[in-house]
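The numbering of the sequence shown is my numbering, which starts it at 130 and goes up by one.
Here's the structure we're looking at; comments come further down.
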Amino acid sequence: MNNANKWPLWPAVIHAKCPRCRRGKMFANAMYGFHGQQMLKQCDHCKLTYEIEPGYFYVAMFVSYGMNVAVLITLSVALSVLTGSTNPWLYVIVLLTASLILSPFNFRYSRVILLYWLTPGLSYQPEYSADKPESVLPASDPGDSIAPLNLN
130 MNNANKWPLW PAVIHAKCPR CRRGKMFANA MYGFHGQQML KQCDHCKLTY EIEPGYFYVA
190 MFVSYGMNVA VLITLSVALS VLTGSTNPWL YVIVLLTASL ILSPFNFRYS RVILLYWLTP
250 GLSYQPEYSA DKPESVLPAS DPGDSIAPLN LN
């Protein structure tokens with residue numbers, strides 16, 4: 130394997146790149162902007178279809194929930210230690226504000242985490258990182274990304 134084609138994991142995750150080739154974008158717009166977040170249907174580099182089956186990203190809600198709970202518990206403990214206040218309105222205002230500010234982050238990275246680490250059979254394939262990935266795509270269906278999971 131040629132190390133020149135190998136793309137590092139963490140920069141690809143941070144910039145929300147395709148989990149298979151680590152070159153194509155997963156989202157059309159910036160995380161915080163006036164146009165909202167729009168996830169692309171497929172990778173523009175290797176043609177990986179991101180939504181593997183209808184309703185696939187419902188699982189990302191659970192990942193987002195876990196991320197939100199972790200942030201809110203951490204913030205609650207930090208507020209309690211730093212201020213020592215028992216005023217519930219302080220906690221409500223700070224935690225709701227943090228939750229609203231971090232919601233675009235949670236939306237984006239819950240999907241990134243789902244595709245990178247929670248999808249069986251989907252992993253980085255350096256041959257798709259080449260400048261011309263068409264040579265490794267199957268001729269039958271270039272949008273077919275991974276084999277379906279057989280539960281029988």
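Beta carbons are placed, not taken as given, at the ideal position from N, Cα and C, and that holds for glycine.
May I ask you to report which of helix, strand or coil DSSP gives residue i?
i: Met-196; result: helix
i: Met-155; result: coil
i: Thr-226; result: helix
i: Met-160; result: coil
i: Thr-203; result: helix
i: Ala-259; result: coil
i: Met-130; result: For Met-130, the predicted model reports a pLDDT of 48, less than 50, meaning its position is unreliable; a value from the coordinates is still stated below. Residue state, collapsed to three classes: coil.
i: Thr-212; result: helix
i: Pro-249; result: coil
i: Trp-136; result: coil
i: Pro-183; result: coil
List the whole-angstrom C-beta distance separating residue i from residue j, where the pair is believed to meet the contact cut-off of C-beta under 8 Å.
i: Pro-148; j: Leu-251; result: 6 Å
i: Val-188; j: Leu-247; result: 7 Å
What does DSSP give as the partner residues of residue i in its beta bridges?
i: Thr-178; result: Gln-171
i: Lys-146; result: Lys-154
Below 7 Å between beta carbons: does that hold for residue i and residue j?
i: Ala-145; j: Val-241; result: yes
i: Gln-167; j: Ala-157; result: yes
i: Lys-135; j: Pro-255; result: yes
i: Pro-233; j: Tyr-161; result: yes
i: Cys-150; j: Tyr-245; result: no
Between the Cα of residue i and the Cα atoms of the options, which residue gives the shortest distance?
i: Ile-202; options: Asp-260, Gln-254, Ala-227 and Ala-259; result: Ala-227
i: Met-190; options: Ser-214, Ser-239 and Lys-135; result: Ser-239
i: Cys-175; options: Thr-248, Leu-208 and Gly-153; result: Gly-153
i: Gly-195; options: Ser-258, Phe-236, Tyr-161 and Ala-141; result: Phe-236
i: Gly-184; options: Ala-259, Ser-258, Tyr-257 and Leu-243; result: Leu-243
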